[in-house]
Amino acid sequence: MALKDLISINDLTTTEIRKIFTTATDMKADPRNYGGALAGRSVALIFEKPSLRTRVTFDLGATQMGASCVYLDHQNVRLGERESVKDMALNLERWVDTIVARTYSHESVIELAAHTSAPVING
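Residue numbering for the sequence shown follows the working numbering, starting at 42 and increasing by one per position.
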């Protein structure tokens, strides 16, 4: 199955939503089956909004499935300030397999997704 952006729940079909819940239920029942599901993959975690639960769950979830994560906070990245969102998206797609973005502006998430081939998840 090809990965796609997850910007809004409204972008998913009923079948896709059911599949997410079915997979989550299976993962919770036997997490060892998913230990290497993301082996060799990398995830950029872009956080303008600080968040304990969102950051920890994405970081640990990806790590426990075998991915490596890089955390990019607003203090260091300044999404759209030091570099345009488009430039950031084009650079990140060279280095990471997936981008998780928790931003103040929904438009920033949409712009990231528009300019990268890496799947973008609205965190």
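Each residue gets a CB set at the ideal place from its N, CA and C atoms; glycine is no exception.
- Residue burial annotation: residue 148 is exposed, with fewer than 16 other C-beta atoms found within 10 angstroms of its C-beta.
- Residue 143 places its beta carbon less than 8 Å from that of residue 88.
- Within the DSSP bridge table, the entry for residue 109 names 83 as partners.
- Our two residues, residue 66 and residue 59, have alpha carbons roughly 11 Å apart in a direct line.
- Here the alpha carbon of residue 115 sits roughly 32 Å from the alpha carbon of residue 72.
- Apart from sequence neighbours up to five positions away, the residues of its chain that approach residue 133 with a beta-carbon distance below 7 Å are 85, 140, 157, 159, ordered along the chain.
- In terms of Cα proximity to residue 75, the closest of 162, 62, 164, 104 is 104.
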